[in-house]
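Colleague: Would you mind keeping the following structure in view while I ask a few things?
Numbering (the working numbering), first residue to last: 498 to 737.
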């Protein structure tokens, strides 16, 4: 069921309009000498925006992890694993014997994979930890999102093969790509979120309004995560 409280404007359009407001008020603030405010519409502001637009988006703290997790999540959605789990949790229908066997196999694979990660993290082999033996900034920590995506994807692939939904590597590739199709609008929305917050910070309006850099970061993280939830699948099922 669709959310009846959803804004009539798409979130991407909302953040585009917010960015336009930031540009306007930064011009007003710069004209009237507001403390610390610099205009986005000045030659310097336009040059800054053109130089940093691409890098700001590509280095967004959310883009890389979401792209990597998209492979595993796409497989979960495309293979029917998530649809089956959701149906089981909501007690919508009783799974068949083959589906129960597939779910059991996928959970077993996930448990073995999780045990392997725990062994790499705290076991005697220290190759995945730092030279001091810690996990912070270790290869294991730095590769957390690829490892999570691999674990999620393996679980979904096992399920799909046991229920005979996948028959070749082409099905796996289609499943890995499905996440980008399903969440494609989020990548557009994220662009405008990045555009707004970087412009808001550069203009000095955040400081003028009494917002600290940490406060802006919290708002940035909150908006990015909420918009990802807003774009999450509302219905179960794999791709057609």
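Backbone N, C-alpha and C fix where the C-beta goes; we use that ideal spot for every residue, glycine too. Keep in mind that this is a model prediction, so the values were computed, not measured.
1. Just the C-alpha distance for residue 717 and residue 518, rounded to the nearest angstrom, thanks.
2. Let me know if residue 667 comes out buried or exposed under the rule of 16 or more other beta-carbons within 10 Å of its beta-carbon.
3. Counting pairs of beta carbons, one from the segment 513 to 528 and one from the segment 695 to 712, are three or more of them closer than 8 Å?
4. Going residue by residue through the segment 612 to 666, where are the continuous beta strand (DSSP E) segments of at least 3 residues, counting only ones entirely within it?
5. Closer than 7 Å by C-beta to residue 565: which residues in its own chain qualify, once you throw out the five before and the five after it? Chain order, please.
6. Does the Cβ-Cβ distance between residue 685 and residue 509 come in under 8 Å?
7. Going along the chain, which residues of its own chain have a beta-carbon closer than 6 Å to the beta-carbon of residue 554, five neighbours each way excluded?
8. Candidates 648, 530 and 608: which alpha carbon is nearest residue 573's?
9. How many Å lie between residue 589 and residue 598 at the Cα?
10. Could you check how far apart the C-beta atoms of residue 663 and residue 600 are, in whole angstroms? I think they sit under 8 Å.
11. For the alpha helix (DSSP H) that contains residue 527, what are its first and last residues?
12. Exposed or buried, residue 620, counting other C-beta atoms within 10 Å across all chains shown (16 or more means buried)?
13. Would you kindly work out how many angstroms separate the C-alpha atoms of residue 570 and residue 673, rounded to a whole number?
14. Count the other CB atoms within 10 Å of the CB of residue 577; is the residue buried (16 or more) or exposed (fewer)?
15. Report the three-state DSSP secondary structure of residue 591 (helix, strand or coil).
16. Indicate whether residue 696 and residue 537 have their beta-carbon atoms separated by less than 8 Å.
Modeller: Result, derived from the coordinates:
1. 17 Å
2. exposed
3. yes
4. Whole beta strand (DSSP E) segments, 3+ residues: zero.
5. 642, 643 and 646
6. The answer is yes: Cβ separation under 8 Å.
7. 688 and 691
8. Nearest C-alpha to residue 573: 648.
9. 18 Å
10. By a beta-carbon distance limit of 8 Å, residue 663 does not contact residue 600. Their separation comes to about 15 Å.
11. Looking at the DSSP string, the run of the alpha helix (DSSP H) that includes residue 527 is 508 to 528.
12. exposed
13. Their backbone Cα atoms lie some 8 Å apart in a straight line.
14. buried
15. coil
16. Cβ distance < 8 Å, so residue 696 and residue 537 count as in contact.
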